[in-house]
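Chains A and B, in that order, give the protein sequences. Sequential numbering of the first sequence, starting at 1, is according to the numbering used here. Sequential numbering of the second sequence, starting at 1, is according to the numbering used here. Glycine included, C-beta positions come from ideal geometry on N, C-alpha and C. All of these numbers come straight from a predicted model, not from anything done at the bench.
2 protein chains.
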Amino acid sequence: MTTAPESLTTLHEALLSERAAGIKQSAVRDVFELSLDPSLVSLAGGNPFLQLLPLEKVGEIARRIIVERGPEALQYGSGLGTPELRAQIIDVMAAEGITNVKVEDVVVTNGSQSAQDMACKVFCDPGDTVLCEDPTYVGALNTFEAYQVKARPVGTDGNGLIPSALRERIAELRAAGERIKFLYTIPNFNNPSGITLAAERRQEIVDICREAGILILEDNPYGMLRYEGTPAPTLRSLDPENVIYMGSFSKIFAPGLRIGWAAVPTHLFRRFYLAGEAVALCPPTLNQMIISAYLQEHDWKGQITKYNDLYRARRDAMLEALAKYLPAGVTHTHPEGGFFVWLTLPEGIDTYALLQQGVKAGVIFIPGAAFSPSGAADNKLRLAFCSVDEKTIDEGVKRLADLLTNEISKL
Amino acid sequence: MTTAPESLTTLHEALLSERAAGIKQSAVRDVFELSLDPSLVSLAGGNPFLQLLPLEKVGEIARRIIVERGPEALQYGSGLGTPELRAQIIDVMAAEGITNVKVEDVVVTNGSQSAQDMACKVFCDPGDTVLCEDPTYVGALNTFEAYQVKARPVGTDGNGLIPSALRERIAELRAAGERIKFLYTIPNFNNPSGITLAAERRQEIVDICREAGILILEDNPYGMLRYEGTPAPTLRSLDPENVIYMGSFSKIFAPGLRIGWAAVPTHLFRRFYLAGEAVALCPPTLNQMIISAYLQEHDWKGQITKYNDLYRARRDAMLEALAKYLPAGVTHTHPEGGFFVWLTLPEGIDTYALLQQGVKAGVIFIPGAAFSPSGAADNKLRLAFCSVDEKTIDEGVKRLADLLTNEISKL
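Following this line, the structure appears as structure tokens:
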């Protein structure tokens, strides 16, 4: 319990890996503590609204599994995941229109986050390049940094990745000698932007990567949480040989179980799954069995419909409040699904500084810079509408809008 | 579902990271499928005997947590682990005589395996060196390979690491220009050797590393599973500033929950925990809450006593069977705790080949080579006594001994 002498601390600094310096706290995590203060309206966290789950039923499932099959449920399992859940994941993907995955090509993971880690482990050496949207998921950016990988943004608009921009970016980076390994993309209801890649662009995006010899890492945790419009085909369904697809039970069931999956092209499967086994041996068996029983015994698709009705109402409440309260000069996206709306403020307003004022004004959000590989999002911020009710959303947006009106008046 | 054209497979091979080639299947996993065949006696897997757990009680705990606190239990949590479990881990460590850890220095991990991954992420660049016992835990060797780290064995005898050998090895490797980051050690009932580091050597081992500016990664999953003799102080308790301690609920409760922890020197804590957060965001919340309630409501120390009584009887049965059946020329260790006995056969017998014969003869084990950083364990093998009853152990050892007698006669 004594404090390390200065000399030991210095010695230990010298032991750190080169990558250690790049491993940073996620900005989403920065505000995690803040978000527990009940006097604040949190529009920060992307936490699903679990109160809607059939908790009595899930509790009874867990009890029964432990009592009747405890020595299996509480034991080590296969690094691939349980055979039952892997087979069911085929059905879950089918519900999203993905019908070209074999059960042998599915590996269960510790949430989608660990599938990203596995992809970097298998494909990325320090100094390699990955392509991504700007903004994109902060957890993926953190993983890329932990692997000393350059995350290079590709041009987007309100319809997602721009095919011609992707083509040009690849040519430009290759001309500069960069080794591009994969395109990381969240085609549906991007976190944080809420933007969806237009259906008519998808085949072209897939073709460009295939022709360029670049893999696609398709991250689709929100795909089934659609509140309007028509589902577009997943990239995986358009090119099963060149797309690693990452799915998750975090948004359609429960994130606290930490269970996701990856569907991997057959010829890459073994390398991919061994990379995960080396990190955590196997995903928790009990959690997989709970999900299997839930999928088997509960109307999980009906549950998603319930979720979608709730989230749609909350999204609408947020969009209405934004229309009602936001001052001129602030724009925002219109998400067709997922959890997030992305705000762009006038240049010169720093949303990191604004967060501190937000805390005083009683509303929190995530500053945009965290999500930007280019660092060009200081005047942007993410709002989540998933975890608070309509009235609270209205109040939170009002508090934020008052703050923004005041800030803009000072410009 | 089409097969990738040869050209695409070749393209993707070119995308692999340098480390990918080193990520291999664990030999323990190789026999996982085999061990499910009921006609075979499996002395292979180190699976705790979970039938001894109070399954009704654990099942009811899980039900109650989900029903009463589901929105918390099924939600994302802190990357540090739940405050309740972190506080309880202080008590669990105290039961092993470790009283110098602050709760702020404890991070909950996805099993011990992921704590090893975190240590490599934070400290190891490709080409760096770690020191370890020979033989040592195959999962650690896999992790080291995944980080392109050289695992250098240090001389051991029946009392574990030899201090003078450690001192010499450090000097020798440094003279050769190697960058040594830490000593990875399992001081109690080593997996696979069953050997325990003698109490009187521990201070010296700790001092040598401290003086040399090398961290210690102490892996202690079996520490409380002692069947004879007196507990020796953990390395962590001898030097809290230079030892990262890894504990696990896998052996004292249930591995299928995938919950372990690390106690990290204060000045290294933040970097260590962020490395884990980047991989999996947070350990599963439900699993942590189940363990917290189990520790709170069940006589968990009494449960360990029950486990120890069972495992002691099984160990004794194995040692008796080995004494009764083994042919001359085969030696083995005498573990004071843990799960494993380590056999050394005459030179010239390859235990990988022997495993195939074992399958035909109805007994399986883990070939030694998997556990050896020097590759000098082809004539050794690991037996586990934890998961089968005494009668089955006797039968399994008899089958193995017959096989060995036959092999030795051919030398």
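Distances from the alpha-carbon of A/Ala151 to those of A/Gly260, A/Val130, A/Tyr184 put A/Val130 closest. No Cβ of chain A is located within less than 7 Å of the beta carbon of B/His298.
Between the segment 364-377 of chain B and the segment 3-22 of chain B, the count of C-beta pairs closer than 8 Å stays below three; the two stretches do not touch.
Annotation for A/Arg258: Asn110, Gly111 place their beta carbon closer than 6 Å to its own, counting only its chain and skipping 5 residues before and after. Residues of chain B whose Cβ lies closer than 8 Å to the Cβ of A/Pro255 are, in chain order, Leu74, Gln75, Tyr76. B/Pro265 reaches chain A at Ala4, His12, counting residues in chain order whose Cβ is nearer than 8 Å. Against chain A, a Cβ distance below 8 Å from B/Asp157 picks out nothing, because the smallest value is about 28 Å. Scanning its chain for C-beta atoms nearer than 8 Å, with the 5 sequence neighbours on each side dropped, one finds around B/Ile66 the residues Ala73, Leu74, Leu286, in chain order. With contact defined as three or more Cβ pairs closer than 8 Å, the segment 260-272 of chain B and the segment 56-70 of chain B are not in contact. Counting only the Cα atoms, B/Gly229 lies some 28 Å from B/Arg167. Taking a beta-carbon distance threshold of 7 Å, A/Gly70 counts as an interface residue toward chain B. Here DSSP, grouped into helix, strand and coil, assigns B/His12 to helix. Shown here, A/Tyr227 sits in coil according to DSSP, grouped into three states, outside any helix or strand. With its beta carbon at least 7 Å from every one in chain B, A/Ser372 lies outside the interface. For A/Ser409, the secondary structure class from DSSP, reduced to helix, strand or coil, is helix. Chain B places no beta carbon closer than 7 Å to that of A/Thr129, leaving this residue out of the contacts. Of all alpha-carbon atoms in A/Met318, A/Lys380, A/Gly177, A/Phe371, the one lying nearest the alpha-carbon of A/Arg399 is that of A/Met318. Nearest Cα to B/Gly158 within the set B/Pro373, B/Phe189, B/Leu52, B/Pro240: B/Phe189. Close to B/Leu403, with beta-carbon spacing below 8 Å, lies no residue of chain A; the smallest spacing is near 27 Å. A/Phe340: not part of any alpha helix (DSSP H); member of the beta strand (DSSP E) spanning 340-344, first to last residue.
Under the criterion of beta carbons closer than 8 Å, B/Val108 and B/Trp342 do not qualify as touching, at roughly 31 Å.
With its beta carbon at least 7 Å from every one in chain B, A/Leu217 lies outside the interface. With respect to the 7 Å criterion, A/Leu161 and A/Gln203 are not classified as neighbours on the basis of their beta carbons. By the CB criterion at 7 Å, A/Ser193 and A/Thr333 fall inside the cutoff. The beta-carbon of B/Val122 is placed less than 7 Å from the nearest beta-carbon of chain A.
The three-state reading of DSSP puts A/Cys209 in helix, counting H, G and I together.
Of all residues in the segment 15-26 of chain A, those with a C-beta nearer than 8 Å to a C-beta of chain B are Leu15, Leu16, Ser17, Glu18, Arg19, Ala20, Ile23, Lys24, Gln25, Ser26, reading in chain order.
Relative to A/Pro163, the option among A/Leu183, A/Ala175, A/Gly77, A/Thr136 whose CA is nearest is A/Leu183. In terms of CA proximity to B/Arg179, B/Gln148 leads the group B/Glu297, B/Ile205, B/Gln148, B/Ile98.
Membership of A/Glu218 in the beta strand (DSSP E) is indicated by the continuous run 215-219. Using a CB distance below 9 Å, the part of the segment 132-156 of chain B facing chain A consists of Gly139, Asn142, Thr143, Glu145, Ala146, Tyr147, ordered along the chain.
At least one C-beta of chain B is nearer than 7 Å to the C-beta of A/Asn47. Non-local beta-carbon contacts of A/Phe249 in its own chain, meaning distances under 7 Å to residues more than five positions away in sequence, involve Leu257, Ile259, Gly260, Ile291 in chain order. Per the coordinates, the alpha-carbon of A/Gly127 lies some 40 Å from the alpha-carbon of A/Tyr311.
Residue state for B/Asp134 is assigned as coil, using DSSP reduced to three classes. Around the CB of B/Arg270, fewer than 16 other CB atoms lie within 10 Å, so the residue is classed as exposed.
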